[in-house]
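Numbering (this note's numbering), first residue to last: 252 to 350. We put the beta carbon where it would ideally sit given N, CA and C, even for glycine. Just so it is clear, the structure is predicted and the values come from calculations on it, not from any experiment.
Here's what the structure looks like:
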């Protein structure tokens, strides 16, 4: 009986903690939309006025896309793995080609 109450209590704490992480990552998700808009504007200007888009921003854009995918997986309960900063920042295919 006592063990059942302790298990239910820790399970409730785990669910509450998960909700706090969900709120945190939902805010980060919203910030990533702003960041994507900024990258799009900068890349478009560089493409129009310069020698094409920035390779560095292309790489960052790919890793941001993977990161957002990880956030969506966590928010939708498809994954228990918490994204960055609780895990490494993801690398996109362009970053791996450079190595």
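Burial state of residue 334, where buried means 16 or more other Cβ atoms lie within 10 Å: Residue 334 counts as buried, since at least 16 other C-beta atoms from the protein chains shown sit within 10 angstroms of its C-beta.
Assigned secondary structure, residue 313 (DSSP; H/G/I helix, E/B strand, else coil): helix
Distance, residue 313 Cα to residue 303 Cα: 17 Å
Same chain, Cβ closer than 6 Å to residue 341, five either side skipped, listed in chain order: 314, 317, 318
Burial state of residue 325, where buried means 16 or more other Cβ atoms lie within 10 Å: The residue is buried, with at least 16 neighbouring Cβ atoms inside 10 Å.
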